[in-house]
Amino acid sequence: VTRVVLLTDFGTADGYAAAMAGVVASAAPEAVVEHASHEIGPGDILAGAFALSRYAHLYPPGTVHLVVVDPGVGTQRRAIAATVDGRHFVGPDNGLFTCVLEGARRARIVAIHESGRGPDASPTFHGRDIFAPAAAFLARGGALEDLGPSVVDPHILEVPRPERLADSVRGEVLQVDRFGSLVTNIPASWIREMGGAVGAVHVWLDGADMGPIRRTYGDVPTGDVVALLGSRDLLEISVRDGNAAARLGADRGAAVEVRPV
Amino acid sequence: VTRVVLLTDFGTADGYAAAMAGVVASAAPEAVVEHASHEIGPGDILAGAFALSRYAHLYPPGTVHLVVVDPGVGTQRRAIAATVDGRHFVGPDNGLFTCVLEGARRARIVAIHESGRGPDASPTFHGRDIFAPAAAFLARGGALEDLGPSVVDPHILEVPRPERLADSVRGEVLQVDRFGSLVTNIPASWIREMGGAVGAVHVWLDGADMGPIRRTYGDVPTGDVVALLGSRDLLEISVRDGNAAARLGADRGAAVEVRPV
Amino acid sequence: VTRVVLLTDFGTADGYAAAMAGVVASAAPEAVVEHASHEIGPGDILAGAFALSRYAHLYPPGTVHLVVVDPGVGTQRRAIAATVDGRHFVGPDNGLFTCVLEGARRARIVAIHESGRGPDASPTFHGRDIFAPAAAFLARGGALEDLGPSVVDPHILEVPRPERLADSVRGEVLQVDRFGSLVTNIPASWIREMGGAVGAVHVWLDGADMGPIRRTYGDVPTGDVVALLGSRDLLEISVRDGNAAARLGADRGAAVEVRPV
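Protein chains in written order, with the working numbering: chain A, 388 to 648; chain B, 388 to 648; chain C, 388 to 648.
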């Protein structure tokens, strides 16, 4: 079975997501449609890129990831399809595939050509009229190159980079998850290279001491702040059984520093 | 594969939607269950009817649409099943199928008879005890007529109609979508017949000028209002990268007029 | 087809739920992944247990229920798998399976052993690294006993019990559902044994009279309170076309009494 996995910012209540699923079901009847999420914040391309990179590689090779967070729909931004390390990706060329492409060993990208779009493609719903048909084409075993000409300069988001100083690391909060955990852009590997053991370094958020790096939430009492190396191999700041973003008043962009005490 | 596609106002957190899916899985093991949405506003039949009509026809013939927004559950309202242009529909006879039936070329409708309900059918959860079994029966290839006697007078909602005046068109906002876009009841075809070209007419919302009709969101600067012919072939009023409902303080029922400047 | 049905408190927007689905898809390619819900309140084990018991038994034997509401992830709480009346269950041993186990005719439970976890299992995301692989193993037909040693003392939540007095029944609100209905812990069978017929007894919520027990919502006018025997065979208090929790200011734990007028 080939899976077509949808990720959008459409919500479900308006029927837009189901319209895409229906198009795939009609054009690729043997494919299985799965829904990763339709709850990406409206127009939040970075959140879409980030969520996608949590799961895309965990699906088997041949899976088609159909990803639409597309505030520029109908403008001159390209529609693209890509094969990255054996999985396929279809969506707008607006940076949605930034994290996937940056982690890629091997990637081929094409711009979906006009003739594939049909004369009646809506200028406001390419998810239904361009991306879903292209995803179904790939799910049926169609060749990526048949969708359009090669692209060598996909749009890449400027994701804030962490930096290493003499004896510390500086970064920032990249994302706040459902639990209110603050996911930073500081790689776990950098922390481990600092000497790594629990207690050797502390984490500061906007200048306030968040304590040492722990193993898991349960290492602190309920309600306490806990910094740890998260499941995406990035430094995270959480509150056990609570919401760190609300409790600490922090959001994307908040400054994070790790340094010896 | 036959698909059974669920649409309800149940949310997912209470397990009601999964109960329906489980009943279908047990009664029609070869069918594929898909979830269009469970986020229709509680009891909002019109929103359910509207969402359903965005995607029902895009699924392949033979698909069973299992649709439950059912504030009158347990009363005398009928339970119905229908075959409309090759797709099946199961749900309460309360107007949920209004948009689907109005766009139909060919429709057969039956009232699901009591003997099919089982003696223990809950008077408050027909989704699980009546509609899901009927949907599974159709998914297994059962004949519509075997579910019950023919219905010729399905409940049809009074959807507000637009009107054509001498040199203008009047309608209203029918629905607000997740992005805050105001979807009106004015057909794109009427606008096109007015002379259609961009700039020939302006759109007024509650008497305020929303400007000409554009092609897509990107035709105005970020934050500006944009009127366009939406993906459902209806006039829509949006704010680029913003929320028109919040920005304009408009909701269902707001008056919309289109006329030459 | 074997179904793996997910229930979590992860939401969908961060990609955690899709990560679990992707792991299952890779490890058990022939299995069908379904999503019951990812909208359980963060860390709300009781709500997860309650939702699960609404639908788990309705899926066909052989179904694997993968359930993760896991505030204690990474602590010493066990990871368990169980076979209960023909369906499989995988998740943390924190009480999530309380309702399923209490209703069981036959249950076998094992603690998932360490060697199955892989050396790189994240201490904060067992859903992806421990539970999803175990669920896929069972979906492929693996034997429960191969996952680890037998467990005879699963964690059981202290669910508040109703009590029978001389001529009345006392209980409390266990759960508030999406519609604002107050689901109590008082079994329908107890009410029926009291003489049961409509009008023979009234329901009191926090000392206020909610009236007699009706058959369905439509038995009272719109906006009125209605007590009835709900689809889960428990006493419920609702407001027709409204929200009882908001209207009555009641939440989990509110006292409920049923007694003759």
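Even glycine gets a Cβ: it sits at the ideal position worked out from N, Cα and C.
Q. Is the shortest distance between the beta-carbon of L445 of chain A and the beta-carbons of chain E less than 7 Å?
A. Although the question refers to chain E, the structure presented lacks it and instead comprises the protein chains A, B and C.
Q: List the residues of chain B whose Cβ lies closer than 7 Å to the Cβ of G409 of chain A, in chain order.
A: For the purposes of this step, residue 409 of chain A is identified with residue 22 of the first sequence, where counting begins at 1. Simply Y442, L445, Y446.
(Q) Taking the beta carbon of S537 of chain B as the centre, do at least 16 other beta carbons fall within 10 Å, making it buried, or is it exposed? (A) The residue given as residue 537 of chain B occupies position 150 in the second sequence. Label assigned to S537 of chain B: exposed.
(Q) Within a Cβ cutoff of 6 Å, which residues of the same chain sit near H475 of chain B, ignoring the five residues on either side of it in sequence? (A) Start at 1 with the first residue of the second sequence, and residue 475 of chain B comes out as number 88. Closer than 6 Å at the Cβ level, and outside the excluded window around H475 of chain B, lie V451, L525.
Q. Which first and last residues belong to the beta strand (DSSP E) in which A466 of chain C is found?
A. Start at 1 with the first residue of the third sequence, and residue 466 of chain C comes out as number 79. In the DSSP annotation of this structure, the continuous segment of the beta strand (DSSP E) that includes A466 of chain C starts and ends at 466 to 471.
**Q.** Cα-Cα separation between D472 of chain A and Q562 of chain C, rounded to whole angstroms
**A.** Start at 1 with the first residue of the first sequence, and residue 472 of chain A comes out as number 85. Start at 1 with the first residue of the third sequence, and residue 562 of chain C comes out as number 175. Approximately 46 Å, taken between the alpha carbons.
Q: Kindly indicate which residue of B:L622, B:A587, B:I499, B:V539 has the alpha-carbon position closest to the one of E559 of chain B.
A: Within the second sequence, the letter at position 172 stands for residue 559 of chain B. Out of B:L622, B:A587, B:I499, B:V539, B:L622 has the C-alpha closest to the C-alpha of E559 of chain B.
Q.
Can you pull out the residues from the region 602 to 617 of chain B whose beta carbon lies closer than 7 Å to at least one beta carbon of chain A?
A. R602, T603, Y604, G605, L615, G617
Q | Local Cβ density within 10 Å of H500 of chain C, reported as buried at 16 or more and exposed below that | A | One-based indexing of the third sequence puts residue 500 of chain C at position 113. It is exposed - the Cβ of H500 of chain C has fewer than 16 other Cβ atoms within 10 Å.
Q) In whole angstroms, what separates the C-alpha of R565 of chain A from that of S576 of chain B? A) On the first sequence, position 178 is the one that residue 565 of chain A refers to. On the second sequence, position 189 is the one that residue 576 of chain B refers to. Approximately 43 Å, taken between the alpha carbons.
**Q.** Own chain residues within Cβ distance below 6 Å of I427 of chain B, not counting five before or after
**A.** The residue given as residue 427 of chain B occupies position 40 in the second sequence. Excluding residues within five positions, the ones whose Cβ falls inside 6 Å are D396, A434, G435, V456.
Q) For S576 of chain B, which three-state DSSP category applies? A) Within the second sequence, residue 576 of chain B is the residue found at index 189, counting from 1. Looking at S576 of chain B - three-state DSSP - the assignment turns out to be helix.
Q) For L488 of chain B, which residues in chain A fall below 7 Å Cβ to Cβ? A) Counting from 1 along the second sequence, the entry for residue 488 of chain B is found at position 101. Those do not exist, as L488 of chain B stays about 16 Å from chain A at its closest Cβ, beyond 7 Å.
Q: Return the first residue and the last residue of the beta strand (DSSP E) that F518 of chain C is part of.
A: For the purposes of this step, residue 518 of chain C is taken as residue 131 along the third sequence, with counting starting at 1. Unbroken run through F518 of chain C: none, as it is neither H nor E.
Q. Just curious, the beta strand (DSSP E) that A642 of chain A is in, first and last residue?
A. For the purposes of this step, residue 642 of chain A is taken as the residue at position 255 of the first sequence. Residues 642 to 647.
Q) Looking at H542 of chain A and G482 of chain A, is the spacing between their C-beta atoms short of 7 Å? A) The residue given as residue 482 of chain A occupies position 95 in the first sequence. The residue given as residue 542 of chain A occupies position 155 in the first sequence. Taking 7 Å as the Cβ cut-off, G482 of chain A and H542 of chain A qualify as a contacting pair.
**Q.** Residues near G461 of chain B in its chain [Cβ-Cβ closer than 7 Å; skip 5 each side]
**A.** Numbered from its first residue, the second sequence carries residue 461 of chain B at position 74. Here G461 of chain B has P510, T511 as same chain residues with Cβ atoms under 7 Å from its own Cβ, once five neighbours each way along the sequence are excluded.
(Q) Could you tell me the alpha carbon to alpha carbon distance between P479 of chain A and R464 of chain A, rounded to whole angstroms? (A) Against the first sequence, residue 479 of chain A aligns to sequence position 92. Against the first sequence, residue 464 of chain A aligns to sequence position 77. The alpha-carbon atoms of P479 of chain A and R464 of chain A are separated by roughly 7 Å.
(Q) I'd like to know whether the C-beta atoms of Y446 of chain B and G402 of chain A end up nearer to each other than 7 Å. (A) Numbered from 1 along the second sequence, position 59 holds the residue referred to as residue 446 of chain B. Numbered from 1 along the first sequence, position 15 holds the residue referred to as residue 402 of chain A. For Y446 of chain B and G402 of chain A, no; Cβs fall outside 7 Å.
Q: Could you check which residue in C:V643, C:V570, C:G449, C:G409 has the C-alpha nearest to that of W591 of chain C?
A: Here residue 591 of chain C refers to the residue found at position 204 when the third sequence is read from its first residue. Looking at the Cα atoms, C:V643 is the closest of the given residues.
Q. In chain C, what lies closer than 9 Å to L439 of chain A by C-beta?
A. On the first sequence, position 52 is the one that residue 439 of chain A refers to. Within 9 Å Cβ-Cβ: G402, A405.
(Q) According to DSSP, simplified to helix, strand and coil, what is V380 of chain A? (A) Coverage of chain A is limited to positions 388 through 648, which leaves residue 380 of chain A absent and any answer about it impossible.
Q. Distance, Cα to Cα, I600 of chain B vs D620 of chain B?
A. As a first step, residue 600 of chain B must be located in the second sequence, where it is residue number 213. As a first step, residue 620 of chain B must be located in the second sequence, where it is residue number 233. Answer to the nearest angstrom: the Cα atoms are 13 Å apart.
Q: With 7 Å as the C-beta to C-beta threshold (strictly closer), list the residues of the region 551 to 584 of chain C near chain B in chain order.
A: D564, R565, F566
**Q.** Buried/exposed call for G514 of chain A, threshold 16 Cβ in 10 Å
**A.** On the first sequence, position 127 is the one that residue 514 of chain A refers to. Around the Cβ of G514 of chain A, a 10 Å sphere holds 16 or more other Cβ atoms; the residue is buried.
Q) With 16 other CB atoms within 10 Å as the buried threshold, where does R627 of chain A fall? A) The residue labelled residue 627 of chain A in the question sits at position 240 within the first sequence. Its Cβ being crowded by 16 or more others within 10 Å, R627 of chain A is buried.
Q. Of all Cβ atoms in chain C, is any one closer than 7 Å to the Cβ of D638 of chain A?
A. On the first sequence, position 251 is the one that residue 638 of chain A refers to. Taking a beta-carbon distance threshold of 7 Å, D638 of chain A does not count as an interface residue toward chain C.
**Q.** Interface partners of R390 of chain B on chain A, CB under 7 Å
**A.** As a first step, residue 390 of chain B is located in the second sequence; it is residue number 3 there, counting from the start. Here the neighbours are A412.
Q) Do G567 of chain A and A650 of chain A come within 7 Å of each other at the CB atom, strictly closer than that value? A) Only positions 388 to 648 of chain A appear in the structure, and residue 650 of chain A is not among them; the question remains open.
Q: Would you give the residue range spanned by the beta strand (DSSP E) that I600 of chain C belongs to?
A: By 1-based counting over the third sequence, the position of residue 600 of chain C is 213. Segment 595 to 601, the beta strand (DSSP E) holding I600 of chain C.
Q) Would A595 of chain A be called buried (16 or more neighbouring beta carbons within 10 Å of its own) or exposed? A) One-based indexing of the first sequence puts residue 595 of chain A at position 208. Label assigned to A595 of chain A: exposed.
Q. Just the Cα atoms here: how many angstroms apart are L635 of chain A and E421 of chain B?
A. Mapped onto the first sequence, residue 635 of chain A falls at position 248. Mapped onto the second sequence, residue 421 of chain B falls at position 34. Taken atom to atom, the span from the alpha-carbon of L635 of chain A to that of E421 of chain B is near 39 Å.
Q) Straight-line CA distance for A523 of chain A to A406 of chain A? A) Within the first sequence, residue 523 of chain A is the residue found at index 136, counting from 1. Within the first sequence, residue 406 of chain A is the residue found at index 19, counting from 1. When rounded, the distance between both Cα atoms is 13 Å.
(Q) Looking only at its chain, what residues have a beta carbon closer than 7 Å to the beta carbon of R495 of chain C, apart from the 5 residues adjacent to it on each side? (A) On the third sequence, position 108 is the one that residue 495 of chain C refers to. Correct list, in chain order: A469, T470, L531.
**Q.** 9 Å Cβ cut-off: residues of chain C touching V424 of chain A
**A.** Locating residue 424 of chain A in the first sequence gives position 37, counting from the first residue. What sits at residue 424 of chain A in the sequence shown is Ser, not Val. Close partners of S424 of chain A in chain C (Cβ separation under 9 Å): G398, T399, A400, D401, G402, A404, A405, H425.
(Q) At the level of alpha carbons, what is the spacing between P647 of chain C and I578 of chain C? (A) Residue mapping note: residue 647 of chain C aligns to position 260 of the third sequence, counting from 1. Residue mapping note: residue 578 of chain C aligns to position 191 of the third sequence, counting from 1. Between P647 of chain C and I578 of chain C, the C-alpha separation is close to 11 Å.
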